[in-house]
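Worksheet: the structure to be examined is printed underneath.
Protein chains in written order, with my numbering: chain A, 1119 to 1595; chain B, 1119 to 1595.
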């Protein structure tokens, strides 16, 4: 694949920038011949691998990983009334095997409640089987009729991490909801992605849930992106699927459930928040290549420079650093462009002058240039990787903080929603929400906000003047 | 989930044993409400994880991992005539999204040639883009009308590793075929699964291939199980999908391709070859738990024993060994049963007498009992893990060797096929093959055999008396 060179669209033209950077940095190819389906390039796949390894590390502390079938028979899928209403417009149906019409149409899972819970009904017998906590990372499908977009709105979600837990009591399930929120915050902290946690209004909760807590971030165009959800399911599904347990007094009870998920939107957020006019910017935790070494070959000292670069590579690799030595026969400038586009946190350059001075030149993806004494290569690089991550985190936090505005009246809400999110003391009445939404073009994201970026506010609803609670309004993807 | 106890069916009743061990050892649950679809239990999933990590390690040396969509539009799927003929009876079709009929029906990939090669046609431009070597691990689908069976014959193959490579010349593609065979042998050596490599007869090759090389093993009931295939695709697909490159003289040429795959049948082989009347037997390379520690709590020295067990766990974990300390309040015998069933290579027991003697009692899953001085715990355990693996490998090799018989005449072929595989100097004529197959109830597996277990033979075809070449005949799954 020949490399395109030349400038990216500026990031403040976010939509063009996003499409173009996915292609230029070899994250996704959008040319697959079905709308809403995309191909992971190897570099994109490597980012995905590191991101999901981090997610699995966190999940593995309190869950067991498992794998359920993709195909759900119509009679199971159609059991839970709310759930059907929420998904029936979006489900793909398999109706034929070979040339035969199937007796029972099979749904491609849009999410796996109706695949997993019939099995949970078999697995859960007594209170000793509880809690049951499992997760899987799978492809799921939505027949999206809206505008599709790689990593954000897809017909095949290739990387859905979904956890499903079963508990004896509603309170225990609620503790799990709280724990899941903490894990998601930890996960996103690792990606340097600032998040805002809030409780979705009732009309926007997961179909079949008691309530839904969402994890949102704010994209560079000011729109909120939902990048995680946590649902308290109560006993809605356990009643439908017959998930019961015998308590310690011998009484049969319906179990209480939760589920929570994260999709490849986590990678959309990672790319969009940190990237710049030169391409991706990746924190070292998930960068497939953390350090690229570019030998500067001038004149007669080529062999010497190559040897030095090779030694550096060995030393860094032995220290567990993901390092790449670029020995292609192209000019250094083309290499810089290539690795900047792909988000490599540190570029090391070594040429005759560096060798003579006993140093290596280092350039971080966030723009700092320094030299590292060759004897301190490993600690020097490790310190720089930390600096890059800190710098990425600060920049993202400042950016998102600047897009959050406390708004005391309707005009302020309208203004704030143009560039980000408004924080409003909404009263909780649907008709006030509708007015705020209509005037601002945004949606109520959620209440009971929890974020380091938002100060809890009290006050009165800007529409009706009743006492309100801290609520977010913004445009969404 | 309450544990079933009591004896497994004996392994010489292989079919019952296999179904029962998958359930008792918590590998797969077969009760999912669609024929041919199964659920991975966490223990089974953990085995899968370790097995596929090994496979990825090998693939990553020479390929880039990637991910293509599941859904293939009808017009792409229907492009290659041979390929259609091979798969059209088995393809699941998505025809509806929500309540709308789709304009273009979408196939669930039975394999990904027709998903990947339209993209390869875009990616390959010049000889500098070659070779291109990618792989993915994905779910694929076959509408199986035959008897389905977990891990062996499935409607959703959950774990298909498929590699697809593109080369400038037929010879370079052939080198890749040879390299792939070596990687597959290496992979199966790591699982202690002996294999036989042979070239499938023309009528049994992959639809659209120049030729197919298969990797087979022999299951405990004497039937051959295909656990890997490597295909030289020539330019069949590149002609169909327009995968061309400009050579160094500026001439446009069709590329040459290969593809090769391994499914979760690798886990079926692992389980079936090594398991015994007490359950799974796993080599340490892929055992989710390599060592289980069972504290023997008698009388007043419970605290002391528990502390010793805890220390042992810490020491082993620090040495990178996957260790589990079983502190459930059940009798030791129930713990032994539990972990034997799940295939844990080593059980360590520690009680007051062991503490007094400064030792730990060790029992391997292959039946050896010994003591390890507590000061030598790590090297002692590592040596035992090696012994278990060697013992598993020897047993599997002896078993499979005993099922391979050189057969010089038709009666010998018939006899050999009852318990395993016959090695015959077949002439290559289809009508001779048909007679051998009809008489023996077996199929021609392949020619040009390559295996440490089979000595190449020359001779004359037992049917027609013409010169033959070393060929395998056996019953298959």
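Every residue, glycine too, gets a C-beta built ideally from N, C-alpha and C. None of these values were measured; they are calculated from a predicted model.
- The C-beta of residue 1382 (chain B) comes no closer than 8 Å to any C-beta of chain A.
- In the assembly as shown, residue 1527 (chain A) is an exposed residue. Its beta-carbon has fewer than 16 other beta-carbons within 10 Å.
- One alpha carbon belongs to residue 1468 (chain A), the other to residue 1165 (chain A), and they sit about 27 Å apart.
- The alpha carbon of residue 1333 (chain B) has as its nearest neighbour, out of B:1515, B:1323, B:1541, B:1344, the alpha carbon of B:1344.
- In this structure, residue 1593 (chain B) sits near residue 1340 (chain B), with a CB-CB distance shorter than 8 Å.
- Taking 8 Å as the threshold, the shortest C-beta distance from residue 1137 (chain B) to chain A does not fall below it.
- For residue 1443 (chain A), no CB of chain B lies under 8 Å from its own CB, so it is not counted at the interface with that chain.
- Assignment of beta-bridge partners to residue 1158 (chain A) by DSSP yields A:1146, B:1185.
- For the segment 1245-1294 of chain A, the continuous beta strand (DSSP E) assignments of 3+ residues that do not extend past its boundaries occur at 1250-1259, 1274-1285, in sequence order.
- Under DSSP, residue 1491 (chain B) takes part in a beta bridge, and its partners are B:1477.
- As DSSP reads the structure, residue 1467 (chain A) sits in a beta bridge with A:1412, A:1479.
- For the C-beta of residue 1276 (chain A), the chain B residues within less than 9 Å are, from N- to C-terminus, 1185, 1187, 1188.
- Collapsing the DSSP output to three states places residue 1570 (chain A) in coil.
- Counting along the chain, residue 1424 (chain A) sits inside the alpha helix (DSSP H) bounded by residues 1420-1436.
- When C-beta distances to chain A are compared with 7 Å, the residues of the segment 1194-1210 of chain B below that value are 1194, 1206, 1207, 1208, 1209, 1210, in chain order.
- DSSP, reduced to helix, strand and coil, places residue 1220 (chain B) within a strand of the structure shown.
- Exclusion of the five residues before and after residue 1488 (chain B) leaves 1480 as the residues of its chain whose Cβ lies within less than 7 Å of its Cβ.
- Under the 8 Å criterion on CB atoms, residue 1232 (chain B) is classed as non-interfacial with respect to chain A.
- For the pair residue 1586 (chain A) and residue 1569 (chain A), the Cα-to-Cα distance works out to about 18 Å.
- Just so you know, the alpha carbons of residue 1541 (chain A) and residue 1559 (chain A) end up roughly 15 Å apart.
- Positions of the beta strand (DSSP E) runs, each at least 3 residues long and wholly inside the segment 1323-1362 of chain B, are given as 1329-1336, 1342-1352 in order along the chain.
- Neighbours of residue 1158 (chain A) across chain B, judged by C-beta separation under 7 Å: 1184, 1185.
- Residue 1139 (chain B) places its beta carbon less than 8 Å from that of residue 1389 (chain B).
- Counting only the Cα atoms, residue 1521 (chain B) lies some 43 Å from residue 1181 (chain A).
- With respect to the C-alpha of residue 1170 (chain A), the residue from A:1246, A:1534, A:1385 having the closest C-alpha is A:1385.
- Taking 8 Å as the CB threshold, residue 1240 (chain A) lines the interface with chain B.
- From the listed residues B:1320, B:1571, B:1206, B:1145, the smallest Cα separation to residue 1562 (chain B) is found for B:1320.
- Residue-level contact by beta carbon fails for residue 1317 (chain A) and chain B, as no gap is shorter than 8 Å.
- Judged by DSSP in its simplified three-state form, residue 1550 (chain A) adopts helix.
- For residue 1245 (chain B), the closest alpha carbon among the candidates B:1371, B:1416, B:1455, B:1462 is that of B:1371.
- Within the same chain, Cβ atoms closer than 6 Å to the Cβ of residue 1396 (chain A) are found at 1458, the five residues on either side in sequence being excluded.
- The C-beta of residue 1261 (chain B) comes closer than 8 Å to at least one C-beta of chain A.
- Straight-line spacing of the CA atoms in residue 1326 (chain B) and residue 1532 (chain B) works out to 32 Å.
- Those residues of the segment 1145-1172 of chain A placed with their C-beta closer than 8 Å to a C-beta in chain B are 1147, 1149, 1150, 1151, 1152, 1155, 1156, 1157, 1158, 1159, 1160, 1163, 1164, 1166, 1167, ordered along the chain.
- Nearest C-alpha to residue 1431 (chain A) among A:1129, A:1418, A:1465, A:1564: A:1465.
- With respect to the C-alpha of residue 1378 (chain A), the residue from A:1141, A:1297, A:1233, A:1265 having the closest C-alpha is A:1297.
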